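In what follows, a structure is listed as structure tokens, so that the remarks can point back to it.
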Amino acid sequence: MPRFFVTSSQIEGDSVTILGEDAHHISRALRAAVGDPVTVCDMSHTEYECVLTDFLPDRVIAKILSSHAADTEPPMRITLYQALPKGDKLDTVIQKAVECGASRIVPFESERCVARMKADSEARKTERRQRIATEAAKQCGRGCLPEVLPTISFEEMLQKAAAADTVLFCYEGDGTVPIGSLLQNADLPQGGELALVIGSEGGFSQREAANAAERGFLMTGLGPRILRTETAPTFALACISYHLELSSQ
Numbered sequence: 108m109p110r111f112f113v114t115s116s117q118i119e120g121d122s123v124t125i126l127g128e129d130a131h132h133i134s135r136a137l138r139a140a141v142g143d144p145v146t147v148c149d150m151s152h153t154e155y156e157c158v159l160t161d162f163l164p165d166r167v168i169a170k171i172l173s174s175h176a177a178d179t180e181p182p183m184r185i186t187l188y189q190a191l192p193k194g195d196k197l198d199t200v201i202q203k204a205v206e207c208g209a210s211r212i213v214p215f216e217s218e219r220c221v222a223r224m225k226a227d228s229e230a231r232k233t234e235r236r237q238r239i240a241t242e243a244a245k246q247c248g249r250g251c252l253p254e255v256l257p258t259i260s261f262e263e264m265l266q267k268a269a270a271a272d273t274v275l276f277c278y279e280g281d282g283t284v285p286i287g288s289l290l291q292n293a294d295l296p297q298g299g300e301l302a303l304v305i306g307s308e309g310g311f312s313q314r315e316a317a318n319a320a321e322r323g324f325l326m327t328g329l330g331p332r333i334l335r336t337e338t339a340p341t342f343a344l345a346c347i348s349y350h351l352e353l354s355s356q
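Add 107 to a position in the sequence shown, counting from 1, and you land on the number used in the numbering used here.
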């Protein structure tokens with residue numbers, strides 16, 4: 108069933124107003140008709156089962172038939188901090204991170220990044236990346252709309268990630284704990300926040316790793332094989348998803 112995200116201001120009583128590109132998609136791409144069912148999510152983990160009732164030039168109206176709490180969200184809010192990769196790899200990272208349960212994706216620059224932020228194009232790139240996240244959230248049935256933030260510096264990443272309850276810093280150097288063992292023994296509070304930090308193609312420098320360790324980040328390894336920067340976040344998020352959502356089933 109088609110899924111759309113709306114703000115609380117678009118819900119009034121038993122009526123939902125769908126605007127913008129979503130309204131155009133319903134009318135033109137899906138060629139929907141009055142009475143067709145859609146699912147609407149309110150950004151606050153509530154889903155509404157609706158039927159379409161009115162098609163207007165700039166909006167589509169739907170009637171709410173029932174509502175329920177979304178059951179597709181992880182028990183922790185997960186932020187992926189991804190060092191800028193080359194080319195269009197970040198597009199793939201964003202798509203797969205959303206499918207694997209990330210609530211927020213934050214690109215950042217590190218010492219060994221080949222790609223660099225360009226101020227004059229950052230707003231446009233962030234908007235496009237958000238569209239990728241939105242489409243992925245619709246496709247995989249997310250109960251919230253993950254957010255993609257503009258690119259930040261390594262120091263800003265350290266500051267923001269440190270606010271999470273648990274921070275996993277993926278590092279291929281010495282002194283790491285395998286991610287499976289770390290997740291098994293870490294304090295992961297229900298409803299808490301978890302940050303996952305992934306490097307670029309060249310990984311992290313020793314200085315960066317030392318700075319992260321000083322902040323209390325948990326230094327973790329992703330196994331004996333060297334993973335590409337676009338593979339590492341999906342692998343790590345899958346491990347986290349298994350531990351949080353599947354291991355007790």
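Here a beta-carbon is modelled for each residue, glycine too, at the ideal position from N, C-alpha and C. What you are looking at is a predicted structure, and each value in this text was computed from that prediction instead of being measured.
Roughly how many whole angstroms lie between the Cα atoms of residue i and residue j?
i: Lys203; j: Thr341; result: 6 Å
i: Ile239; j: Asp198; result: 7 Å
i: Leu334; j: Gly142; result: 48 Å
i: Ile212; j: Pro181; result: 15 Å
i: Gln356; j: Val167; result: Residue placement at Gln356 is flagged as unreliable, the pLDDT there being 49, under the threshold of 50; a coordinate-derived value is accordingly withheld.
i: Gly298; j: Ala136; result: 37 Å
i: Asp149; j: Val255; result: 18 Å
i: Thr233; j: Leu303; result: 20 Å
i: Gly120; j: Lys225; result: 45 Å
i: Pro285; j: Ala271; result: 20 Å
i: Leu329; j: Ser173; result: 43 Å
i: Lys193; j: Leu163; result: 43 Å
i: Asp75; j: Glu321; result: Nothing in the structure corresponds to residue 75, since the chain is present only between 108 and 356.
i: Leu126; j: Glu262; result: 38 Å
i: Gln237; j: Pro253; result: 8 Å
i: Leu289; j: Thr327; result: 7 Å
i: Phe112; j: Asp195; result: 26 Å
i: Ser116; j: Arg184; result: 24 Å
i: Gln291; j: Asp161; result: 51 Å
i: Pro296; j: Thr273; result: 9 Å
Does residue i come out as helix, strand or coil in the three-state DSSP assignment?
i: Arg238; result: helix
i: Gly287; result: helix
i: Cys103; result: In the structure as shown, the chain begins at 108 and stops at 356. Residue 103 is therefore absent and cannot be evaluated.
i: Ile133; result: helix
i: Phe215; result: strand
i: Gly306; result: coil
i: Thr199; result: helix
i: Ser106; result: Look at the range of the chain in this structure, 108 to 356, and you will see that residue 106 is not part of it.
i: Pro340; result: helix
i: Gly127; result: helix
i: Ile118; result: strand
i: Asp227; result: helix
i: Cys346; result: helix
i: Ala317; result: helix
i: Val205; result: helix
i: Leu275; result: strand
i: Leu265; result: helix
i: Ala293; result: coil
i: Lys232; result: helix
i: Ala270; result: coil
i: Ala244; result: helix
Pop quiz: residue i and residue j are said to be a contact at Cβ under 8 Å. What is the actual Cβ separation, rounded to whole angstroms?
i: Glu279; j: Gly310; result: 5 Å
i: Thr283; j: Gly306; result: So it is not a contact: roughly 13 Å between Cβ atoms.
i: Cys157; j: Val205; result: Contact doesn't hold; Cβ gap of about 23 Å is too wide.
i: Ala339; j: Cys251; result: Going by Cβ atoms, the distance from Ala339 to Cys251 rounds to 24 Å, so no, they are not a contact pair.
i: Lys170; j: Ser122; result: 6 Å
i: Asn318; j: Leu275; result: Not confirmed; about 15 Å, so no contact.
i: Leu301; j: Ile259; result: That belief does not hold up - the Cβ atoms of Leu301 and Ile259 are roughly 18 Å apart, past 8 Å.
i: Ala209; j: Thr186; result: 7 Å
i: Pro109; j: Thr153; result: So it is not a contact: roughly 17 Å between Cβ atoms.
i: Ala190; j: Cys220; result: 6 Å
Would you list the one or two residues that DSSP bridges to residue i?
i: Gln175; result: According to the sequence as given, residue 175 is His; it is not Gln. Answer is Glu154.
i: Ile259; result: Phe215
i: Met183; result: DSSP output for Met183 lists no bridge partner at all.
i: Tyr188; result: Val213 and Val304
i: Glu254; result: Arg211
i: Arg110; result: Thr146
i: Arg166; result: Leu126 and Leu163
i: Thr327; result: Cys277 and Val284
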